[in-house]
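Residue numbers 319 to 392, in our numbering, belong to the letters of the sequence shown in order. Here's the structure, in structure tokens; my notes come after.
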Amino acid sequence: MTTAVKTITLAVTSMSCDKCVETVKRALEKVPGVTSAEVDLTNKRAVVTVNSDAVTTASLVLAVKATGYNAIAV
């Protein structure tokens, strides 16, 4: 059985600088099953590509929150 690649978008409203972007990106990329994370400071969004059904929106939100930033599913 092949797992479909999917994209999950989060609003990360508490980011204010490029360092924030890098911190959030690294946290998301550490989640098992995440293949990429693109974080946009201007729009305060993170677009995460995953290749595992085990990756949930909640697990991504928790990964961001663990770094001290706020995230919600979009």
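Beta carbons: idealized from backbone N, C-alpha and C, even for Gly.
Cut-off 8 Å between Cβ atoms - residues of its own chain near residue i, not counting five sequence neighbours on either side
| i | result |
| --- | --- |
| residue 379 | 328, 389, 390, 391 |
| residue 336 | 359 |
Boundaries of the beta strand (DSSP E) in which residue i is found, first to last residue
| i | result |
| --- | --- |
| residue 346 | Looking at the DSSP string, residue 346 is not in any beta strand (DSSP E); the run it does join, the alpha helix (DSSP H), is 336 to 347. |
| residue 354 | 352 to 358 |
Check whether residue i and residue j have beta carbons under 9 Å apart
| i | j | result |
| --- | --- | --- |
| residue 366 | residue 373 | yes |
| residue 359 | residue 332 | no |
| residue 353 | residue 323 | yes |
Cβ distance (whole Å) where residue i is taken to contact residue j below 8 Å
| i | j | result |
| --- | --- | --- |
| residue 342 | residue 382 | 6 Å |
| residue 326 | residue 385 | Between residue 385 and residue 326 the Cβ distance is about 17 Å, and since that is not below 8 Å, they are no contact. |
Run of the alpha helix (DSSP H) containing residue i, from where it starts to where it stops
| i | result |
| --- | --- |
| residue 383 | 375 to 383 |
Same chain, Cβ closer than 7 Å to residue i, neighbours up to 5 away in sequence not counted
| i | result |
| --- | --- |
| residue 339 | 333, 357, 359 |
| residue 362 | 329, 330, 331, 333 |
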